[in-house]
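In our numbering, the protein residues as written are 1 to 561.
Below you'll find the structure, written out as structure tokens, and then a few comments.
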Amino acid sequence: MRRRQTTRKREIPELKVIPIGGLNEIGKNMTLLECNNQIMIIDCGLSFPDDEMYGIDIVIPDFSYLIANRERIAGMVITHGHEDHIGAVPYLLKNIKIPVYGTRLTLGLVENKLKEHGIQGDLRTINAGDKIQLGCFDIETIRTTHSIADSICLAITTPAGVVFHSGDFKIDYTPIDGEPIDFSKLAEIGKKGVTLMLCDSTNVTRPGFTASERVVGQTIENIFRNAKTRIIIATFSSNVHRVQKIIENAVKFGRKVAISGRSMENVVALAIELGYLDIPPGTLVDLKMTKNIPDDQLVIITTGSQGEPMSALSRIASGEHKSVKLKKGDMVILSSTPVPGNEKTVSNVVNKLFEKGAEVIYSDIADIHVSGHACQEELKLIHSLIKPKFFMPVHGEYRHLIAHARLAESLGMNKDNIFVLENGDILKVNKRRAKRETAMVEADAILVDGLGVGDVGNIVLRDRKLLSESGLIIVVAAIEKESHMVVSGPEIISRGFVYVRENESLIEEARKVAMEALEKCQNKRMKDWNAMKSQVRDALNSYIYETTKRSPIILPIFLEV
């Protein structure tokens, strides 16, 4: 009798895509790909705190999932050297030792960060066009154009299909370095078949094309040609191509160049070392020596184009810079546009510069800045070249992700194949189907305050908010240990609430209210100090709110004698 042969159903490999940061926000970009029990990381960036995050320096992704699965991590690839893609690398490498791949300029910037943190990293340099393997992930790096040199996008072949990650990009047909985006490679990848595309959404709401960096170069040349005074120009330190154009025009019109701002000094030094900046000998001068150079023969390149309070340009505008004192007639150029949320700080700096008598040129009145991100027509071109089966918009606020999803749908993509995710979501993908899982991984925003990482939470932020809005009242009393009688005080100390000398009656009445609350505690023979503090706090809260309609933080301090 013939034995019946049974065929075992072959399992289809699946890929998990897990965004840890970068969705519903600008910054903090980090994406995980997980397949065959192995994980690769794409980018590891930071974001800057919003107005409600009092005292916070930076915000980084939540690494708890990676730390719990550290043995499965094959490595990390970084698409380019902007802070929102590399800024959190030192914080990750303090917890996990993994190889980090990136282009020369990208890893040069990463290495500087690691040195600041006292960390040795396993940094592995690649060039655009190189292929690398991380576990089951075969990665092809592709040259692209952005507002920083050495940017790449990624085509990642996995057992579950090909994933294309655009990185940050725009389509610049005439880039400063003469290296345009590799269209032939993109078309080749699209022709082979792409299962999933993750694509930059930053400028999806802007119609048309993003202008070339050469437009800014032409504007800078026109300004330099007509300028008769000292030029101070602020731009992003990472925009090496723009710094190159500034230096070229300085040389052309007979000006020396000085650098101001630590990050600008570091990036310029690194770019010279790696060959990304070509500066003729004798062009650069020490900032402290510029007093001896005629104004019409000097350019100062500085940080602070976003109005950062401690940046070189802000200190120049407020008269606090040690080496640069603003003169009437100085030409100050802000070669940038305000990042969303920075409009007010940039406006404040511009106003201060005008008040000091400077001639200020900024993006509202001249073509002095172009974006590094693709607009609608460029995004349409990338979609047409890559032709993905599934699509996941990344790198943008929720409105950007939705707009990008609609753009993909307008190009004929099935709505069911488009996935707008949140940080921590899990998208399961194979060559046939994709599905958003109900489960999520931890992807909270981790707040960095000085040396403290993640030790500031919502309660601390709430207290800082209250302190900033209504101030602090400290109630100090000395209480006898056995009888719990008040032997001294209570004294009222106000910080950020009212000026005591002008509100003596209010402070005196508050002292009486605190004393009455303590006497009630004594009458009730209350011995729990926490309960006594609550009584004083509640009584003062009620009185102060009724009197001033304000709610300062009230901190009772009892000294046992």
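Positions of the beta carbon are idealized from the N, C-alpha and C atoms, including for glycine.
Inspect the beta-carbon positions of residue i and residue j and report whether they are closer than 8 Å.
i, j, result
"residue 61", "residue 21", "yes"
"residue 79", "residue 168", "yes"
"residue 242", "residue 298", "no"
"residue 106", "residue 86", "yes"
"residue 164", "residue 189", "yes"
"residue 349", "residue 307", "yes"
"residue 565", "residue 394", "Any answer about residue 565 is impossible in this case: the structure gives the chain only from 1 up to 561."
"residue 154", "residue 77", "yes"
"residue 75", "residue 93", "no"
Opposite residue i in the DSSP bridges: which residues?
i, result
"residue 440", "425"
"residue 122", "99"
"residue 135", "Residue 135 is not bridged to any residue."
"residue 141", "154"
"residue 77", "42, 101"
"residue 558", "477"
"residue 278", "None, per the DSSP bridge assignment."
"residue 170", "145"
"residue 256", "298"
"residue 16", "34, 428"
"residue 26", "Per DSSP, none; premise fails for residue 26."
Three-state secondary structure (DSSP) at residue i?
i, result
"residue 46", "coil"
"residue 432", "coil"
"residue 153", "strand"
"residue 264", "helix"
"residue 217", "helix"
"residue 21", "strand"
"residue 392", "strand"
"residue 413", "coil"
"residue 418", "strand"
"residue 330", "coil"
"residue 408", "helix"
"residue 325", "coil"
"residue 200", "strand"
"residue 549", "coil"
"residue 110", "helix"
"residue 339", "coil"
"residue 195", "strand"
"residue 368", "coil"
"residue 246", "helix"
"residue 4", "Annotation note: pLDDT 49 at residue 4 (below 50); position unreliable, no value reported."
"residue 293", "coil"
"residue 11", "coil"
"residue 285", "coil"
Leaving out five residues on either side along the sequence, give the residues of the same chain with a beta carbon under 7 Å from the beta carbon of residue i.
i, result
"residue 95", "63, 67"
"residue 352", "317, 318"
"residue 455", "Summary for residue 455: the model assigns pLDDT 49, below 50, so the residue's position carries little reliability; its value from the coordinates is reported in the next sentence. So no residue of the chain qualifies."
"residue 442", "62, 64, 65, 424"
"residue 174", "212, 214"
"residue 206", "375, 376"
"residue 180", "145, 172, 173"
"residue 357", "328, 329"
"residue 387", "190, 194"
"residue 254", "297"
"residue 565", "This structure does not reach residue 565, given that the chain is present from 1 up to 561, and the question cannot be answered."
"residue 159", "13, 35, 36, 136"
"residue 545", "551"
Would you kindly report the start and end of the unbroken beta strand (DSSP E) that includes residue i?
i, result
"residue 302", "298-302"
"residue 90", "Where residue 90 is concerned, there is no enclosing beta strand (DSSP E), although the alpha helix (DSSP H) it sits in stretches over 89-93."
"residue 34", "30-35"
"residue 488", "486-495"
"residue 234", "231-234"
"residue 83", "Segment 83-86 is the alpha helix (DSSP H) holding residue 83; no beta strand (DSSP E) there."
"residue 359", "359-361"
Return the chain-ordered list of same chain residues with a C-beta closer than 6 Å to the C-beta of residue i, the five sequence neighbours on each side being excluded.
i, result
"residue 313", "234, 302, 304"
"residue 400", "201, 204"
"residue 433", "none"
"residue 583", "The requested residue 583 does not occur in the structure, where the chain is confined to residues 1 to 561."
"residue 392", "198, 419"
State the start and end residues of the unbroken alpha helix (DSSP H) segment that holds residue i.
i, result
"residue 165", "Here residue 165 belongs to no alpha helix (DSSP H); instead the beta strand (DSSP E) covers 161-165."
"residue 191", "183-192"
"residue 507", "504-523"
"residue 353", "343-355"
"residue 60", "It is not in any alpha helix (DSSP H) - residue 60 instead sits in the beta strand (DSSP E) that spans 58-60."
"residue 320", "Where residue 320 is concerned, there is no enclosing alpha helix (DSSP H), given that its DSSP letter is neither H nor E."
"residue 377", "376-386"
"residue 68", "64-68"
Starting from the C-beta of residue i, find all residues in its chain whose C-beta is less than 8 Å away, skip the five residues before and the five after it, and write them out in chain order.
i, result
"residue 407", "204, 376, 379, 380, 383"
"residue 426", "16, 17, 18, 436, 437, 439, 440, 441"
"residue 557", "474, 475, 476, 477"
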